[in-house]
Amino acid sequence: MKKEDTVKLISAEGFEFVVDKEAAMVSQTIHNMLTSPGSFAERQHGEVTFPEISTTILEKICQYFYWHLQFASVLIYMSFLTLCCSGKETEFPIEPELTLELMMAANYLHT
Numbered sequence: 001m002k003k004e005d006t007v008k009l010i011s012a013e014g015f016e017f018v019v020d021k022e023a024a025m026v027s028q029t030i031h032n033m034l035t036s037p038g039s040f041a042e043r044q045h046g047e048v049t050f051p052e053i054s055t056t057i058l059e060k061i062c063q064y065f066y067w068h069l070q071f072a073s074v075l076i077y078m079s080f081l082t083l084c085c086s087g088k089e090t091e092f093p094i095e096p097e098l099t100l101e102l103m104m105a106a107n108y109l110h111t
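Numbering-wise (the UniProt record's numbering), the sequence shown opens with residue 1 and increments by one.
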């Protein structure tokens, strides 16, 4: 995979997550940072630092990005057809103790 096909997301503690650009673009905020016209550092270097998001939360967000790529179209299709299913195979697991921080990060990232 080429460097321009990936994005480095950096947590408050400095931990670096290298993810596919397509996955990172699930976030409207990251999408805007990487595609806005001009010479923004995020666009030039392909990395985004999140000084307010911990490593644990950013890791969960990265997992969500890939989950979203895999299951979003399936969930939309199922919703459109109003199928009834358990949802177990498409459920994104969230530990209760992470819920508040994840909600705040998701709000910022527009995911």
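Think of the CB as a built atom: it goes at the ideal place given N, C-alpha and C, for glycine as much as any other residue. Model, not experiment: these values are computed from the prediction.
Measuring alpha carbon to alpha carbon, tell me which of the options ends up nearest residue i.
i: A105; options: R43, E16, Q44 and E59; result: E59
i: Q63; options: S36, V26, M33 and E42; result: V26
i: K2; options: W67, E91, K21 and V48; result: K21
So for residue i, helix, strand or coil by DSSP?
i: T6; result: strand
i: F40; result: coil
i: T49; result: strand
i: F17; result: strand
Distance, Cα to Cα, residue i vs residue j?
i: A24; j: P96; result: 24 Å
i: P51; j: Q44; result: 19 Å
i: E101; j: G38; result: 31 Å
i: M103; j: F17; result: 20 Å
Taking 6 Å as the limit between beta carbons, can you name the residues of its chain near residue i, skipping five residues before and five after?
i: G46; result: V7
i: F15; result: T55
Skipping 5 residues on each side, what residues in its chain have a beta carbon closer than 7 Å to that of residue i?
i: T29; result: Y108, L109 and H110
Among residues of its own chain, excluding the 5 on either side of residue i, which ones have a beta-carbon nearer than 8 Å to its beta-carbon?
i: L98; result: T56, I57 and K60
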